[in-house]
Amino acid sequence: VSSYCQSHCGGVPIPYPFGIGKDCYLHNDRWYEVFCDSSSGSPVPFLPSISREVVNISLPEGPSSQFGLIQIKNPVTSSGCSNREEVSLALNVTGSPFFLSVSNTLVAVGCNNKALMTDVKPHIGGCESTCDMGFGRRGQNISCDGYKCCQAKLPSDRLQRIGIKIESLDGNTSESAGCRVAFLTDETYSLSNITEPELFYGRGYATM
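So for the sequence shown, full-length UniProt numbering puts the first residue at 1; every next one is plus one.
See the structure below:
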């Protein structure tokens, strides 16, 4: 890699085969191109090929590690959280050298919430969360098992495309069901650290 190639963006190391600028990434393959966006003040690394902000890039460590890992910020899917029409865009890396890690899970937060994974045929996956006090276990530090939040594992296949759809458990409209969110993440959530869906909506993204 040429010495003029930028090695960091906003404190995030950009290791080869990724790179910033022409001739700084592998074979000038657009999937490895990183754009360092300084328009908002602080530099932010961005993968233009999938329109996602980069949080971290980890290369394989030694012969026992086959794959590296790219952490990105992915938008939160929401329903009933605002007066605006809420549109969910699928994450699509079809044709790229990337696929979704099975360390990610689908997490849904809110009452009367049915979150489904889309674009993962023939698989159908998702989870349901309710605020019914008679449902699920309650206590400290327990996993999201359906009370106020739920989670579902991704299929083990090397997924390259996935979307999220939110429905109501009782078939009511989004407005009457209240604010509900769902997102893919590599972070661990339980009843002890889950927050109200409005806070996830306000944040706008989750890391995966």
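Glycine included, C-beta positions come from ideal geometry on N, C-alpha and C.
- Of the candidates C131, C179 and Y32, the residue whose Cα lies closest to the Cα of G68 is Y32.
- Sorting D186, E196, G126 and I70 by C-alpha distance to the C-alpha of P17 places I70 at the top.
- Nearest Cα to S39 within the set D157, C9 and T195: C9.
- By the C-beta density criterion, K148 is buried, having at least 16 other C-beta atoms within 10 angstroms.
- Distance from C127 to A108 at the Cβ level is roughly 6 Å; contact confirmed, criterion being Cβ atoms closer than 8 Å.
- Of the residues assessed, C179 falls on the buried side of the cut-off, its CB having 16 or more other CB atoms within 10 angstroms.
- Look at E86 here: in three-state DSSP terms it is coil, with no helix or strand label.
- The secondary-structure analysis by DSSP pairs Y205 across a beta bridge with P75.
- Straight through space, the alpha carbons of Y25 and Q6 are spaced by roughly 11 Å.
- The Cβ atoms of C144 and Y189 sit closer than 8 Å to each other.
- The Cβ-Cβ distance between R158 and T94 does not fall below 8 Å.
- By the neighbour-count criterion, in which a residue is buried when 16 or more other Cβ atoms sit within 10 angstroms of its Cβ, L100 is buried.
- A residue is called buried when at least 16 other Cβ atoms come within 10 angstroms of its Cβ; V76 meets this threshold and is buried.
- Looking at the DSSP output, R52 sits in a beta bridge with L47.
- In the structure shown, H123 falls within a coil segment according to DSSP collapsed to helix, strand and coil.
- Using a 10 angstroms sphere on the CB of R52, the tally of other CB atoms reaches 16 or more, which defines it as buried.
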